[in-house]
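Q: Provided herewith is a single structure, encoded as structure tokens, for subsequent inquiry.
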Amino acid sequence: MKCAALLMITVLLGALPSCDDKATNRQDTKTAMEQEWNDTDKYILNAIHSWVWSGFYDRDEVDSMIDDILEEDAHEEQLRGAVGPEFAKKQEAEKTWPAQTDCDRLDAAFRALEQRGVLGLQNAGYTMSDGHQDAFEILSARPGHKYIGYCFYHGQDLERAVCGGGLMIAFDHLDKASPEKIKIGMALKEELERVGFVLEWSGSSEQRIHIPAIEWRRRYRGGR
């Protein structure tokens with residue numbers, strides 16, 4: 012049993028599924044033990060990859076988040092054993108990254124929006140409704156604030172960005188019925204273009220702004 016467990020750990024550490032292959036394991040590393048991975052294992056392995064490479068979480072946080080999605084049929088020990096090596100892969104990759112990455116430019120755009128009265132939230136919840144709720148909670152906790160609107164991307168948007176699918180950013184005016192909402196979108200567009208992003212947006216206040224070619228390289232700096 013000990014040999015079998017060690018073999019499973021070796022396989023998991025060497026073949027963490029990529030974003031392009033969520034449902035199947037890498038063809039060049041297939042082994043008999045790998046065939047025993049179930050759908051839960053594959054889902055959790057992909058989540059680990061996304062969390063690590065998002066740049067928003069440290070190892071303890073990832074380990075804690077695994078608790079939230081573990082199922083009885085998951086190989087917990089082997090899954091947790093995959094976390095450290097994945098962080099090591101990212102640390103090695105970071106050595107080849109430029110001093111300023113697309114994520115640094117995104118941060119700069121969000122900082123500039125703050126100066127224009129637009130609250131910018133990154134990795135805000137997991138859904139659109141979560142993002143709106145996070146924004147209102149933050150604004151409610153800041154009486155006397157000068158914000159006129161906000162923008163955000165949520166956890167599902169982040170997962171797609173990590174996988175190379177671009178980034179969608181939502182925006183809104185504090186008075187949701189206000190025709191001024193389009194001005195929030197225009198401010199977001201201007202600041203994103205100012206830092207060099209090419210955007211896809213129809214100009215509609217009802218459509219999110221898309222950065223189709225963002226390369227997600229975020230160095231961990233202590234959360235959001």
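For the sequence shown, the numbering used here assigns the number 12 to the initial residue and increments by one for each residue that follows.
Virtual Cβ for every residue (Gly too), placed ideally from N, Cα, C.
The structure displayed is predicted, hence computed values, not measured ones.
1) Three-state secondary structure (DSSP) at Gly160?
2) According to the neighbour-count rule (16 or more other Cβ atoms, all chains shown, within 10 Å of its Cβ), is Ser213 buried or exposed?
3) In whole angstroms, give me the CA-to-CA distance for Leu5 and Lys53.
4) Give, in chain order, every unbroken run of the alpha helix (DSSP H) that is at least 4 residues long and sits entirely within the segment 89 to 140.
5) Kindly indicate which three-state DSSP category Leu210 falls into: helix, strand or coil?
6) Less than 9 angstroms between the beta carbons of Lys192 and Ile220, yes or no?
7) Classify Leu56 as helix, strand or coil using the three-state DSSP reduction.
8) Over the uninterrupted alpha helix (DSSP H) stretch that includes Ala198, give me the two end residues.
9) Return the chain-ordered list of same chain residues with a C-beta closer than 6 angstroms to the C-beta of Asp113, the five sequence neighbours on each side being excluded.
10) Taking the Cβ atom as the reference point for each residue, do Glu87 and Ile77 lie within a distance shorter than 9 angstroms?
11) Per DSSP, what kind of secondary structure is Asp50 in: helix, strand or coil?
12) State the Cα-Cα distance for the pair His184 and Glu103, rounded to the nearest angstrom.
13) Does the distance from the C-beta atom of Phe208 to that of Leu132 stay below 9 angstroms?
14) Could you check what DSSP says for Leu185 in three-state terms: helix, strand or coil?
15) Around the C-beta of Ser61, are 16 or more other C-beta atoms found within 10 angstroms, so that it is buried, or is it exposed?
16) What's the C-alpha gap between Arg232 and Ala99?
17) Does the distance from the C-beta atom of Gly196 to that of Ile159 stay below 9 angstroms?
18) To the nearest whole angstrom, what separates the beta carbons of Tyr3 and Leu178, a pair I think is in contact under 8 angstroms?
19) Could you give the DSSP three-state label for Leu178: helix, strand or coil?
A: Answer, in terms of the structure:
1) Taking the first residue of the sequence shown as position 1, residue 160 is located at position 149. Strand at Gly160.
2) The sequence position of residue 213 within the sequence shown is 202, counting from 1. Classification for Ser213: exposed.
3) Examination of residue 5 is not possible in this model, given that the chain is present from 12 through 235 alone.
4) 94 to 105, 113 to 126
5) As a working note, residue 210 is residue 199 in the sequence shown. The answer is coil: DSSP assigns Leu210 none of H, G, I, E or B.
6) Locating residue 192 in the sequence shown gives position 181, counting from the first residue. Locating residue 220 in the sequence shown gives position 209, counting from the first residue. Taking 9 angstroms as the Cβ cut-off, Lys192 and Ile220 do not qualify as a contacting pair.
7) Here the question's residue 56 lines up with position 45 in the sequence shown. In the structure shown, Leu56 sits in a helix (DSSP, three-state: H, G or I).
8) As a position in the sequence shown, residue 198 is number 187, starting the count at 1. Ala198 -> alpha helix (DSSP H) spans 192 to 205.
9) Here residue 113 is taken as the residue at index 102 of the sequence shown, counted from 1. So the list reads Ile225, Glu226, once near-sequence residues are dropped.
10) Walking along the sequence shown from the start, residue 87 turns up at place 76. Walking along the sequence shown from the start, residue 77 turns up at place 66. Cβ distance < 9 angstroms, so Glu87 and Ile77 count as in contact.
11) By one-based count along the sequence shown, residue 50 stands at place 39. In the structure shown, Asp50 sits in a helix (DSSP, three-state: H, G or I).
12) Working through the sequence shown from its first residue, we reach residue 184 at position 173. Working through the sequence shown from its first residue, we reach residue 103 at position 92. Answer to the nearest angstrom: the Cα atoms are 41 angstroms apart.
13) Here the question's residue 208 lines up with position 197 in the sequence shown. Here the question's residue 132 lines up with position 121 in the sequence shown. No. Outside cutoff.
14) Counting from 1 along the sequence shown, the entry for residue 185 is found at position 174. DSSP places Leu185 in coil when its eight states are reduced to three.
15) Locating residue 61 in the sequence shown gives position 50, where the first residue counts as 1. Classification for Ser61: buried.
16) Taking the sequence shown and counting its residues from 1, one reaches residue 232 at position 221. Taking the sequence shown and counting its residues from 1, one reaches residue 99 at position 88. Going from the Cα of Arg232 to the Cα of Ala99 covers about 16 angstroms.
17) The residue labelled residue 196 in the question sits at position 185 within the sequence shown. The residue labelled residue 159 in the question sits at position 148 within the sequence shown. Contact: no.
18) Here the chain comprises residues numbered 12 to 235, so residue 3 is not present and cannot be evaluated.
19) The residue given as residue 178 occupies position 167 in the sequence shown. Of the three classes helix, strand and coil, the one that applies to Leu178 here is strand, per DSSP.
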